[in-house]
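See structure below.
2 protein chains.
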Amino acid sequence: MTAHASQGAKPRKTPVQSRSRVTVDAIFEATIQVLLSEGMTRLTTTRVSERAGVSVGTMYQYFPNKQALIIALNARYLNALAERVEATCARMAGQPAAEMVSALIETYWTAKTERADLTQALYRSVAALDNNVLMQDFATRVGAATMSMFRQTSDLPPQDATEINLTLTTVIYGAVRNAFERELGMEQITALKASLIDMCCAWLISFQHRTQMTA
Amino acid sequence: MTAHASQGAKPRKTPVQSRSRVTVDAIFEATIQVLLSEGMTRLTTTRVSERAGVSVGTMYQYFPNKQALIIALNARYLNALAERVEATCARMAGQPAAEMVSALIETYWTAKTERADLTQALYRSVAALDNNVLMQDFATRVGAATMSMFRQTSDLPPQDATEINLTLTTVIYGAVRNAFERELGMEQITALKASLIDMCCAWLISFQHRTQMTA
DNA sequence: GGAGTATATGAAGAAAAGCTCATATTTTGG
DNA sequence: CCAAAATATGAGCTTTTCTTCATATACTCC
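Which chain is which? The protein sequence lines are W and G, in order. Take the first sequence: its position 137, counted from the start at 1, is 137 in full-length UniProt numbering, and no numbers get skipped. Take the second sequence: its position 206, counted from the start at 1, is 206 in full-length UniProt numbering, and no numbers get skipped.
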């Protein structure tokens, strides 16, 4: 992974001592705080390092530029999210499709809700990036996990897994994100989640009916 | 200066002569082009005015700052989109809910697909804005139109209109956006649209069943 | 303890972007 | 045709931001 480093997106140095690991963590934390309090446009290297309690030079020792910092932060977050989704997928293997959908939405929703402000801040920070391999990679990685899960339902033909996977993931990720962008009250959010689950399940059932007919 | 407009988001001057209207249009067009060719981070007042073939000063005569320009551009786009959705809603009043959903998705989808690159560029440009009343206003406006439409279905109880409206709009807008963010091939896009319509309809049917039972 | 490596510092140069204003040109209306 | 209003200009001032580098401090391990 040291080779192609497309746009200087790689860390300059990798921390080896414990204090530097602390430093890098502090920088990430500071980035989040600045993102939340000042917004993406006012996020500068100086502000971040100030907040982190380190000098600008230190920051540049680990991140070759601002973009790399944002990318790294998002990569970190997306990685954690992917791990959780993967865990859910593994856990639900072999279950009925409706259970899978429900668990998937629950996982995704919870991960986003835990820190709603951060979720939104990160959404915006990635959008500010011109290049966007991150989301693409995330989609591929998580797509593989859900795909393998849907192939192992107890109540759906495996040959439909591709269509099911594409549709469900698109709808779920999209709806969740949109739900966050509107600023809704708690009751609406909760109702929305329930409806989303219902909707996905209703579609799956209609799917089963169709395949039964053709069978 | 006039009364301190909220965040300087208002146009400084409103064009009255025809040549100035041409100028403003050119600025909007240039903004789009720069957005597409250079991306949001490299979009600067200088670059935009250069592309528009006017001087920077001229730009600042109509837009007090860069943010105002982006806001105005998006407002313009969202207004056009809202009008189309409103037209569809008006046209579909009294029809079966499934027809409504289908028409709504079709309208939204077409509007986005017509200029997919622009759609994506605008998504990013708004996201880069720290403050975001635009989307909120759009959601409210379009929400009113769809709400009124769903209240007039031939096959659904009007008291469920609120839940139906919130759920469907969230799912549709979210899914459409997500579909654009992944870079999918034509066949996948088409399949996705069909599935989305199916899914919404399946949910509506399940909804009808439930309300029939309680009735 | 000391040589060598890792990490931290922050003043300062360079680049970029935002924005203004004094001046010039065009249009309008009487 | 002329004065007032509208519109256009763009050099250049200001502010912000990025980034580097020479130097200093801390750690590791023999």
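Note that the Cβ used here is the ideal one computed from N, Cα and C, for glycine as well.
Query, Result
"Interface positions of the UniProt domain \"HTH tetR-type\" (21-81) of chain G facing chain W (Cβ-Cβ less than 9 Å), listed along the chain", "Glu38, Gly39, Met40, Thr41, Arg42, Gln67"
"Rounded straight-line distance, which links the Cα of aspartate 25 (chain W) to that of methionine 59 (chain W)", "11 Å"
"Cutoff 8 Å: glutamine 208 (chain G) Cβ touching any chain W Cβ", "no"
"Lysine 13 (chain G), buried or exposed, once every other Cβ within 10 Å from all chains shown has been counted against 16", "exposed"
"At least three beta-carbon pairs within less than 8 Å, the region 146-154 of chain W to the region 89-101 of chain W", "yes"
"Supposed close pair phenylalanine 28 (chain G), glutamine 120 (chain G) - CB separation, criterion 8 Å", "Actually they are not in contact, since the Cβ atoms of phenylalanine 28 (chain G) and glutamine 120 (chain G) sit about 18 Å apart, beyond 8 Å."
"The region 158-175 of chain W: positions lying closer than 7 Å to chain G by Cβ", "Glu163, Leu166, Thr167, Thr170, Val171, Tyr173, Gly174, Ala175"
"Range of the contiguous alpha helix (DSSP H) that encloses threonine 153 (chain G)", "Where threonine 153 (chain G) is concerned, there is no enclosing alpha helix (DSSP H), given that its DSSP letter is neither H nor E."
"From G:Val126, G:Glu163, G:Asp137, G:Cys200, residue whose alpha carbon lies closest to that of alanine 68 (chain G)", "G:Val126"
"Beta-carbon proximity of alanine 97 (chain W) to leucine 156 (chain W), cut-off 8 Å", "yes"
"Contacting residues, own chain, Cβ-Cβ under 8 Å from arginine 76 (chain W) (five flanking each side not counted)", "Phe28"
"Euclidean distance between Cα positions of threonine 110 (chain G) and threonine 46 (chain W)", "44 Å"
"C-alpha gap between alanine 175 (chain W) and threonine 211 (chain G), whole angstroms", "24 Å"
"Valine 48 (chain G) versus alanine 72 (chain G) - alpha carbon distance", "14 Å"
"Nearest-angstrom beta carbon gap, leucine 192 (chain G) and threonine 169 (chain W) [assumed within contact, 8 Å]", "Going by Cβ atoms, the distance from threonine 169 (chain W) to leucine 192 (chain G) rounds to 10 Å, so no, they are not a contact pair."
"Proximity winner among G:Cys201, G:Thr140, G:Arg182, G:Thr190, relative to leucine 166 (chain G) (alpha-carbon distances)", "G:Thr140"
"Buried/exposed call for arginine 182 (chain G), threshold 16 Cβ in 10 Å", "buried"
"Contact set between serine 195 (chain G) and chain W, taken where Cβ atoms lie within less than 7 Å", "Glu163, Thr167"
"Minimum Cβ-Cβ distance from leucine 192 (chain W) to chain G less than 8 Å", "yes"
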